[in-house]
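Peer 1:
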Amino acid sequence: MNVGLAGLGYWGPNLARNFAELADLTVLCDVSEERRAEFAGRYPDVRVTGDFDELLASDVDAVVIATPVPTHYELAKRALEAGKHVLVEKPPAMRAAEMDELVEIAAASDLTLMPGHLLLYHPGVVKLKQLIDAGELGDVLTIYANRQNLGIVRVNENALWSLGVHDLSVILYLLDEEPSEAVAHGNAFLTPGVEDVVFCFLRFPSGRIAHMHLSWLDPHKMRRITVVGREKMVVFDDMELERKVTVYEKAPWKRAETYGEWQTRSGDIYIPKIETSEPLRLECQHFLRLVEGDGDRGKVARDGAMVVRALEQLQDSLG
Ligand SMILES: NC(=O)c1ccc[n+]([C@@H]2O[C@H](COP(=O)([O-])OP(=O)(O)OC[C@H]3O[C@@H](n4cnc5c(N)ncnc54)[C@H](O)[C@@H]3O)[C@@H](O)[C@H]2O)c1
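In this text, residue positions in the sequence shown follow the numbering used here: the first is 1, and each later residue adds one.
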């Protein structure tokens, strides 16, 4: 399978490395002459161009898009209209209507439209999903995510779009349900108009609720998702090397007969083994399988649209 890639900035080279190993990487595209010169040296057998139309006119079966977020919708649309399967970095569009349009074009031509929601391929997140789906946690009641760091403070994207898209994709994947309510509060303390601290609340038709704390202004570096079930609770902590997932046998147990208060149960705490495969490699492999016709192409696109809809609602409430 021939693959072309647009965007050779910070993230694109990781995609280039994986696709060069997993498929035939035949065309690389970037508007920056400097980036093109560097990649022509790194991949001497690959055609390097600054013209996205040249990439589309080539014999690539699939196009991978790792350009800045505001360009995603237009480039993905052009690639789908040229009959190419598309893997586009998250989020594929900044408005729900645009994302719906991409989903429709892909469906009408039976093409893959896969958003690069990296965390969905993280073996730790896959373990969370297995635990939930196997009923290990009992009914899931709440999920909350912490993504904080006194880190790179972006000036073009707020914390919701830059950080929240990761947690939102995971929360929706774990619950497999679209929120009926999505509200965000935040503030732009450093760059006017670009919220650097955002708190989000989500409510689902089933009654489950979720929360996200997203911030570049924080003493803690946290990459953590906590799932509270009626029987057990589980934490995915991506800052941990060996304890990515911890399962707590803690739960409300029974209402006490005499005092009317709930008794709680606190049992073992255990750490399931998590494979160490690179999530990006697993993501790229999943995309190639979908292109080959193995798996549900429509679902990844529709799930991606659910994420953009929730992001849009959260952004609208943020003001
Ligand atoms: N999944 C992840 O964990 C992860 C991590 C980092 C970035 N990303 C995503 O990857 C994308 C790129 O981010 P980045 O940090 O690499 O940005 P970047 O600014 O470092 O790189 C973007 C590159 O795209 C090129 N470009 C811009 N417009 C173009 C066009 N029309 N055609 C061809 N090339 C074009 C630029 O010259 C630049 O080299 C973003 O969507 C970002 O959200 C994902």
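Virtual Cβ for every residue (Gly too), placed ideally from N, Cα, C.
Closest to L137 by CA distance: which of V170, E157 and M233 is it?
Peer 2: Within the sequence shown, numbered from 1, the residue matching residue 137 stands at position 137. Comparing Cα positions, the closest option is M233.
Peer 1: Counting by C-beta, which residues lie closer than 7 angstroms to a heavy atom of ligand 1, in chain order?
Peer 2: The answer, residue by residue, is A6, G7, L8, G9, Y10, W11, G12, C29, D30, V31, S32, R35, F52, A66, T67, P68, V69, T71, H72, L75, E89, K90, G116 and L118.
Peer 1: What separation, rounded to the nearest whole angstrom, lies between the Cα atoms of A182 and G41?
Peer 2: Position 182 of the sequence shown, counted from the start, is the residue given in the question as residue 182. Position 41 of the sequence shown, counted from the start, is the residue given in the question as residue 41. If I take the Cα positions, the gap works out to 47 angstroms.
Peer 1: State the Cα-Cα distance for the pair D51 and L290, rounded to the nearest angstrom.
Peer 2: Start at 1 with the first residue of the sequence shown, and residue 51 comes out as number 51. Start at 1 with the first residue of the sequence shown, and residue 290 comes out as number 290. If I take the Cα positions, the gap works out to 27 angstroms.
Peer 1: Kindly indicate which three-state DSSP category R147 falls into: helix, strand or coil?
Peer 2: Looking up residue 147 in the sequence shown gives position 147. Strand, per DSSP.
Peer 1: Kindly indicate which three-state DSSP category N18 falls into: helix, strand or coil?
Peer 2: Numbered from 1 along the sequence shown, position 18 holds the residue referred to as residue 18. DSSP places N18 in helix when its eight states are reduced to three.
Peer 1: Excluding five sequence neighbours on each side, which residues of the same chain lie with their C-beta closer than 7 angstroms to the C-beta of E157?
Peer 2: Here the question's residue 157 lines up with position 157 in the sequence shown. Cβ neighbours of E157 beyond the five flanking positions: V69.
Peer 1: Exposed or buried, P91, counting other C-beta atoms within 10 Å across all chains shown (16 or more means buried)?
Peer 2: Translated into the one-based positions of the sequence shown, residue 91 becomes position 91. Its Cβ being crowded by 16 or more others within 10 Å, P91 is buried.
Peer 1: How long is the line joining the alpha carbons of K244 and D268, rounded to whole angstroms?
Peer 2: One-based indexing of the sequence shown puts residue 244 at position 244. One-based indexing of the sequence shown puts residue 268 at position 268. C-alpha separation (whole angstroms): 17 angstroms.
Peer 1: Which residue comes first and which comes last in the beta strand (DSSP E) that contains L250?
Peer 2: The sequence position of residue 250 within the sequence shown is 250, counting from 1. Per the sequence shown, residue 250 should be read as Lys rather than Leu. Taken as a continuous stretch (DSSP letters only), the beta strand (DSSP E) holding K250 covers V245 to R255.
Peer 1: Looking at C-beta atoms only, is the number of pairs between the segment 103-110 and the segment 123-138 that lie closer than 8 angstroms three or more?
Peer 2: Too few Cβ pairs lie closer than 8 angstroms, so no.
Peer 1: In the DSSP assignment, what residue or residues form a beta bridge with V234?
Peer 2: The sequence position of residue 234 within the sequence shown is 234, counting from 1. Note: V234 sits in a beta bridge opposite V227 and V247.
Peer 1: Could you check which residue in L22, E54 and E21 has the C-alpha nearest to that of L28?
Peer 2: Here residue 28 is taken as the residue at index 28 of the sequence shown, counted from 1. Taking only the C-alpha atoms, the option nearest L28 is E54.
Peer 1: What does a CB cutoff of less than 6 angstroms around D30 pick up in its chain, not counting 5 residues either side in sequence?
Peer 2: As a working note, residue 30 is residue 30 in the sequence shown. Hits under 6 angstroms: L8 and R36.
Peer 1: How many Å lie between D133 and L113 at the Cα?
Peer 2: For the purposes of this step, residue 133 is identified with residue 133 of the sequence shown, where counting begins at 1. For the purposes of this step, residue 113 is identified with residue 113 of the sequence shown, where counting begins at 1. Straight-line Cα distance between these residues: approximately 25 angstroms.
Peer 1: Find the nearest neighbour of T191 within the set P219, I152 and L175, judged by alpha-carbon distance.
Peer 2: What you label residue 191 is simply residue 191 of the sequence shown in a count that begins at 1. Here the closest residue by C-alpha is I152.
Peer 1: Starting from G116 and walking both ways along the beta strand (DSSP E), at which residues does that stretch end?
Peer 2: As a working note, residue 116 is residue 116 in the sequence shown. G116 -> beta strand (DSSP E) spans L113 to G116.
Peer 1: Can you list the alpha helix (DSSP H) stretches of 4 or more residues lying completely in the segment 39-121, in chain order?
Peer 2: Segments of the alpha helix (DSSP H) lying fully in the segment 39-121: 52-57, 72-81 and 96-108.
Peer 1: Less than 7 angstroms between the beta carbons of V198 and A184, yes or no?
Peer 2: What you label residue 198 is simply residue 198 of the sequence shown in a count that begins at 1. What you label residue 184 is simply residue 184 of the sequence shown in a count that begins at 1. Result yes, Cβ atoms of V198 and A184 sit closer than 7 angstroms.
Peer 1: For the candidate residues Q315, Q130 and N14, whose alpha-carbon lies nearest to that of K273?
Peer 2: The residue given as residue 273 occupies position 273 in the sequence shown. The shortest C-alpha separation from K273 is found at Q130.
Peer 1: How should P44 be labelled, buried or exposed, when 16 other C-beta atoms within 10 angstroms of its C-beta is the threshold for buried?
Peer 2: Here residue 44 refers to the residue found at position 44 of the sequence shown. Exposed, by the Cβ-count rule.
Peer 1: Kindly list the residues whose CB is nearer than 6 angstroms to the CB of A82, restricted to its own chain and excluding five residues on each side of it in sequence; keep chain order.
Peer 2: Numbered from its first residue, the sequence shown carries residue 82 at position 82. Here the set comprises L56.
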